[in-house]
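Trainee: Sharing a structure, written as structure tokens. Questions coming.
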Amino acid sequence: MGEVTIQGKRKSTEPSDVLQQPSEGCQAPSDPVPKRRSLARTCVHEVAVPSGYNSSNDETLHGTLSTPVYNGNMAKTYPFNLDPFQQVSVACLERKESVLVSAHTSAGKTAVAEYAIAMAFRDKQRVIYTSPLKALSNQKYRELSKEFSDVGLMTGDVTLSPNASCLVMTTEILRGMLYRGSEVLKEVAWVIFDEIHYMKDRERGVVWEESIIFLPPAIKMVFLSATMSNATEFAEWICNLHTQPCHVVYTDFRPTPLLHYVFPMGGSGLYLVVDENEQFKEDKFMELQDTFSKIKKPLDGNKSGGPKASGRIAKGGTASGGSDIYKIVKMCMEKMFQPVIIFSFSRRECEQHAISMSKLDFNTEEEKDIVKEVFENAILCLNEEDRSLPAIELMLPLLQRGIAVHHSGLLPIIKETVELLFQEGLVKALFATETFAMGLNMPAKTVVFTSVKKWDGDSHRYIGSGEYIQMSGRAGRRGKDECGICIIMIDEKLEMNTLKDMVLGKPAPLVSTFRLSYYSILNLMSRAEGQFTAEHVIKNSFHQFQYEKALPDIGEKVSKLEKEAAMLDASGEAELAEYHKLRLDIAELEKKVMTEMTRPERVLYFLLPGRLVKVRDGGTDYGWGVVVNVVKKPAAPLGALPSSLGSFRSSGAYMVDILLQCSPGLTENGSQPKPCPPRSGEKGEMHVVLVQLSLICAISSIRVAIPSDLRPLEARQSVLLAIQELETRFPKGLPKLDPVKDMGIEEPDFVDLVNQIDELEQKLYAHPLHKTLQDEQQLKCFQRKAEVNHEIQQLRSKMRDSQLQKFRDELKNRARVLKRLDHIDSDGVVLLKGRAACLIDTGDELLVTELMFNGTFNDLDHHQVAALASCFIPGDKSNEQIQLRKELAKPLQQLQETARKIAEIQRECKLEINVEEYVESTVRPFLMDVIYCWSKGATFAEVIQMTDIFEGSIIRLARRLDEFLNQLRGAAQAVGEVALEKKFAAGSESLRRGIIFANSLYL
């Protein structure tokens, strides 16, 4: 890692308007919104400078590296005074040096990007503007086309004016141009990376990283980002990578300050928890907490659904907790707090909430007429049949009342119409998912959060500070509102620190998600000039940079841990180690025994109402509970149920309703879906909790009587008293079911396990420490020392094992895979199959090229080819059983068998891969039938009846599929497969019609 100097922080301030202090009552805030105290607009500037760098800029015109100013003629003038961070950013650009601009949503980062474009136009150079999503590229193209005369667009499915001076494109297109050595790049002076924090995306983040690595040093970069905590580290990487200065211009100033309120669902009134000076109001928070003891808890609150939530607005329904949403929206309109954006983390919820507003109307008759005119003009590009789709017909009445929905599952034409109407002030209440917080600046006066938890693909979690900042940043319109309003709806008690971290916490750092892909490896191997190798990319990745930078911190942590280990009492350590190992061995064997005991065919007979069972989830012990009922559930995600423990993904998983002792707040940090046991000294409450069968860690031979009605708390608490009496009667522990004698499990291996436990328990009871260890403090001290020593070993191992070496090993293993599959020869020369894979980055390149070369596609017509290719495109999963026609069943089987073969080869080549998970994640047959019928000429109205997947998701997949088929056509052409080339082209052509390929309103 080269030497990089950071030149000091500099603050620029400019006094802002003086606003007065708000009232702090629990009722809805009065209008006009109260004013805030004097607040300075602060801009922080730093610059990373390579060792030995000398600037040739004239200091009278440009200032210095550490204090950039610009005193020359501006490339672009603005009808307003630039904020300090914008002025400093412009000065950095005029120095012809890269800059990272980190600021809140709506702060005005776009002005900096526009200045870079204006400079390129002035200097007769070209500029590239990249955005993470095609939809955002379309929006940005429209916005920049209004400002500049010569703008083009390249998104993979749309290309407009590719020779323009300013090209808007997705980052994938830029990476492809860099791999191919496009001539365009020789004329480019600037590349603008919008939403650079997307680089931490697990799937696509590597695209940004590779693009930055491959850019020629002569090209300077502008990075636009939401606030991030390690902006300086990122600038150091750029400086180290391209041996050029990189400035950081940071501001946490909000042009419009925010008031943050919390609304307790089921209650009344709003509680101001954070004022416009970002002061947390602890007294109001405590008042808020007190309200929950007075509110009768609903069975299920406004929770966002898991990943399976799907459906369409046409299906109707009412919103969960709709009355609370209704009250909030109605209050916002009465207090003139519109427009309001109501964020939900489920597309289904957005639609349900909008429908629940059926009695509200926010538009005048004149506004209704304008909405109708805009809407009818927007859908003119559709044929008559598509205009009659329920998703279109049902949206107009909502829009005319000033209510709209915005999420990724909507028809693109509807989504864009909503955006245009919102910008014109004709949508007063917008129910949206978090994607609306990205892209063009579309602020509202008020933002409402219907939940503070979201499903992230693995579990429900609290939204992070960065996510909250991004969405709440839509509140407050510069020049219109004195304050923006944020309302957070919660349905359970919330820990104070959880709320503080969310609203006032620092945004998460940008952490590299760099990974090696076959697409990248093959493209690097096939580059004629050999300028970059896979080794070069690994060495220069942000991932490697962060690792090397963290090494001194790891060393410091090791020193601290070594001091802690030395201070821990080591007396009698040998005996403690022996005793501790006995307990661990017994616990491990008991786990194996319980795995066998809790197999449904063995245990269900014993899980009768009243049976005492012990529950453990990871390291959390819930103690003894009482079985209420056993239920068989279809596959579903954790959190799809009101109060549950464990995930149950396999089809037909058994769950047990168990009466468990829980903390009075019921759930971890006060939010569903995960209940937590009472804390030490806390009086618990019994609640019926749905528990995964595998979390039962002990089954008692005792059953107790349970009341027929468990709804009253008193009835549930009577069962707790019964359990406590039994624990008093059996001080050595409740008697347990004997798996052999009581349950009749007599397999030799199992009986051997039980006997091993008996032998170890005898040793444990006979151990000298078993009786003398009066309290567990001595054992805890030993356990902590063991943990500390283990952590020291891991950290030392991390310091020894270079990340670079790990990637080298992975690269070696992936090269073995490529050789086995005939993509490269023994000298690393790219062969015919590898040349085809180099052109495919929309789907799994290894799998699809295997199908091209093993003849699978040869036996199919172009409709089947399109349907089979759809399995490669990521998209929504269907909840419905997949039933394929015979024309598709065999090709799908061949695809799955080939995927399994490729996974097996990767595993044999020492890559960590789960074969079945690979097949399941790579082959997605959910829309095969839909695509097949569409390709054969079915109408859109017909195909949407074949699936429960959202219309917008179908269209998005079909467009990506068209791009994929075109990549396959190019790959077939590159290897001389003329018949396949024609087949892929015909498959692509069969998709390109009707509403699926209707033009964007932004183009």
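UniProt numbering puts the first residue of the sequence shown at 1, with every later residue one more than the last.
Here a beta-carbon is modelled for each residue, glycine too, at the ideal position from N, C-alpha and C.
So, with DSSP's three-state summary, where would you put R993?
Mentor: The residue you call residue 993 lines up with position 993 of the sequence shown. Coil, per DSSP.
Trainee: Under three-state DSSP, which class holds F214?
Mentor: For this step, residue 214 is matched to residue 214 along the sequence shown. F214 falls in the helix class under three-state DSSP.
Trainee: So which of S346, N138 and A118 has the shortest CA-CA distance to residue 1007?
Mentor: Because residue 1007 is not part of the residues shown, which for the chain are 1 to 1003, the question remains open.
Trainee: With DSSP as the reference, please indicate the residues paired to D617 in a beta bridge.
Mentor: Position 617 of the sequence shown, counted from the first residue, corresponds to residue 617. Bridge partners of D617: T620.
Trainee: What whole-angstrom Cβ distance do V249 and S89 have, given they're in contact under 8 Å?
Mentor: For the purposes of this step, residue 249 is identified with residue 249 of the sequence shown, where counting begins at 1. For the purposes of this step, residue 89 is identified with residue 89 of the sequence shown, where counting begins at 1. About 5 Å; that satisfies the 8 Å criterion.
Trainee: Measure from the C-beta of F730 to each C-beta in chain B and report whether the shortest distance is under 8 Å.
Mentor: Absent here is chain B; the protein component of the structure consists of one chain.
Trainee: Say whether the region 390 to 400 touches the region 362 to 375, bearing in mind that this needs 3 or more beta-carbon pairs closer than 8 Å, one atom from each stretch.
Mentor: In short, these stretches touch, since the Cβ pair count reaches three.
Trainee: Cβ atoms of T898 and N854: under 8 Å apart, would you say?
Mentor: What you label residue 854 is simply residue 854 of the sequence shown in a count that begins at 1. What you label residue 898 is simply residue 898 of the sequence shown in a count that begins at 1. A contact, by the Cβ cut-off of 8 Å.
Trainee: Between G952 and D386, which are expected to be in contact by the criterion C-beta below 8 Å, what is the C-beta distance as a whole number of angstroms?
Mentor: As a position in the sequence shown, residue 952 is number 952, starting the count at 1. As a position in the sequence shown, residue 386 is number 386, starting the count at 1. Rounded, the Cβ-Cβ distance is 14 Å, inconsistent with contact.
Trainee: Exposed or buried, which one is P707 when buried takes at least 16 other CB atoms within 10 Å?
Mentor: Within the sequence shown, the letter at position 707 stands for residue 707. Label assigned to P707: exposed.
Trainee: If you draw a straight line from the C-alpha of T232 to the C-alpha of E46, how long is it?
Mentor: Against the sequence shown, residue 232 aligns to sequence position 232. Against the sequence shown, residue 46 aligns to sequence position 46. Using only the alpha carbons, I get a separation of about 7 Å.
Trainee: Does the contact criterion of 3 or more C-beta pairs under 8 Å hold for the region 979 to 987 versus the region 961 to 971?
Mentor: Because the criterion of three Cβ pairs below 8 Å is met, the region 979 to 987 and the region 961 to 971 touch.
Trainee: Cβ of R814 within 8 Å of Cβ of L516?
Mentor: Looking up residue 814 in the sequence shown gives position 814. Looking up residue 516 in the sequence shown gives position 516. Yes, Cβ-Cβ distance for R814 and L516 is below 8 Å.
Trainee: Between C26 and the rest of its own chain, which residues show a CB-CB distance below 6 Å, the 5 nearest in sequence each way excluded?
Mentor: Looking up residue 26 in the sequence shown gives position 26. Model confidence at C26 stands at a pLDDT of 36, short of 50, so the residue's coordinates are unreliable and nothing is read from them.
Trainee: Of all the options L760, D585, L440 and E367, which has the alpha carbon lying nearest to the alpha carbon of T110?
Mentor: Here residue 110 corresponds to residue number 110 of the sequence shown, with the count starting at 1. Among L760, D585, L440 and E367, the Cα nearest to that of T110 is on L440.
Trainee: What are the start and end residues of the alpha helix (DSSP H) that includes C381?
Mentor: Position 381 of the sequence shown holds residue 381. C381 -> no alpha helix (DSSP H), and no H or E assigned at all.
Trainee: Would a C-beta distance cut-off of 8 Å place P217 and Q244 closer than the cut-off?
Mentor: The residue given as residue 217 occupies position 217 in the sequence shown. The residue given as residue 244 occupies position 244 in the sequence shown. Yes. Within cutoff.
Trainee: Start and end of the alpha helix (DSSP H) containing H862?
Mentor: Translated into the one-based positions of the sequence shown, residue 862 becomes position 862. Note, H862: alpha helix (DSSP H), H862 to A869.
Trainee: Sort out for me which residues DSSP pairs L430 with in a bridge.
Mentor: Here residue 430 refers to the residue found at position 430 when the sequence shown is read from its first residue. I341 and A404.
Trainee: Give the DSSP-derived three-state secondary structure of V452 in the structure shown.
Mentor: Here residue 452 is taken as the residue at index 452 of the sequence shown, counted from 1. Three-state DSSP puts V452 in coil, outside helix and strand.
Trainee: Assuming S703 is part of the beta strand (DSSP E), what are its boundary residues?
Mentor: Numbered from 1 along the sequence shown, position 703 holds the residue referred to as residue 703. In the sequence under discussion, the amino acid at residue 703 is Arg, which differs from the Ser named in the question. I696 to R703 is the span of the beta strand (DSSP E), which, as asked, contains R703.
Trainee: May I ask you to report which of helix, strand or coil DSSP gives R180?
Mentor: For this step, residue 180 is matched to residue 180 along the sequence shown. In this structure, R180 counts as helix in the three-state DSSP scheme.
Trainee: Can you tell me which of the three DSSP states V127 falls into?
Mentor: One-based indexing of the sequence shown puts residue 127 at position 127. Three-state result, V127: strand.
Trainee: Determine, using beta carbons only, whether L382 and A998 come nearer to each other than 8 Å.
Mentor: In the sequence shown, residue 382 corresponds to position 382, counting from 1. In the sequence shown, residue 998 corresponds to position 998, counting from 1. Against a cut-off of 8 Å, the Cβ pair of A998 and L382 comes out as a contact.
Trainee: What do you get for V380, buried or exposed, if any count of 16 or more other CB atoms within 10 angstroms of its CB means buried?
Mentor: As a working mapping, residue 380 is identified with position 380 in the sequence shown. Residue 380 is actually Leu in this sequence, not Val. By the 10 Å Cβ count, L380 comes out exposed.
Trainee: Under a three-way DSSP split, which group does P32 fall into?
Mentor: For the purposes of this step, residue 32 is identified with residue 32 of the sequence shown, where counting begins at 1. Here P32 scores only 39 on pLDDT, less than 50, and its place in the model is too uncertain to base an answer on.
Trainee: Let me know if A640 comes out buried or exposed under the rule of 16 or more other beta-carbons within 10 Å of its beta-carbon.
Mentor: Walking along the sequence shown from the start, residue 640 turns up at place 640. At A640, the pLDDT of 33 sits below 50, so the modelled position is not reliable; the number obtained from the coordinates is stated separately. Under this definition A640 is a buried residue.
Trainee: In the DSSP assignment, find the unbroken alpha helix (DSSP H) run with P412 in it and report its ends.
Mentor: On the sequence shown, position 412 is the one that residue 412 refers to. Where P412 is concerned, the enclosing alpha helix (DSSP H) stretches over P412 to Q423.
Trainee: Quick check on the DSSP output: the beta strand (DSSP E) that includes H247 runs from which residue to which?
Mentor: Residue 247 sits at position 247 when you count from the first residue of the sequence shown. Note, H247: beta strand (DSSP E), C246 to T251.
Trainee: Taking the beta strand (DSSP E) that F223 belongs to, which residues open and close that run?
Mentor: As a first step, residue 223 is located in the sequence shown; it is residue number 223 there, counting from the start. Per DSSP, F223 belongs to the beta strand (DSSP E) from K220 to S225.
Trainee: Taking only the alpha-carbon atoms, compute the straight-line gap between I341 and Y326 and give it to the nearest angstrom.
Mentor: Translated into the one-based positions of the sequence shown, residue 341 becomes position 341. Translated into the one-based positions of the sequence shown, residue 326 becomes position 326. The straight-line gap from Cα to Cα measures roughly 13 Å.
Trainee: Does S358 pass the burial test, meaning 16 or more other C-beta atoms within 10 Å, or should it be called exposed?
Mentor: Within the sequence shown, the letter at position 358 stands for residue 358. Burial call: exposed.
Trainee: I'd like to confirm the pairing. Which residues does DSSP put opposite R611 in its beta bridges?
Mentor: Working through the sequence shown from its first residue, we reach residue 611 at position 611. Its beta-bridge partners are R703.
Trainee: To which residues of the same chain is L174 closer than 8 Å at the C-beta, ignoring the five residues directly before and after it?
Mentor: For this step, residue 174 is matched to residue 174 along the sequence shown. Taken in chain order, the residues that qualify are I128, T130, V191 and S211.
Trainee: From the DSSP output, which residues share a beta bridge with N629?
Mentor: Taking the first residue of the sequence shown as 1, we reach residue 629 at position 629. Answer is D657, bridged to N629.
Trainee: Below 8 Å on the Cβ atoms is my guess for Y115 versus L93; work out the distance and round it to an integer in Å.
Mentor: In the sequence shown, the residue the question calls residue 115 occupies position 115. In the sequence shown, the residue the question calls residue 93 occupies position 93. Correct: roughly 6 Å between the Cβ atoms.
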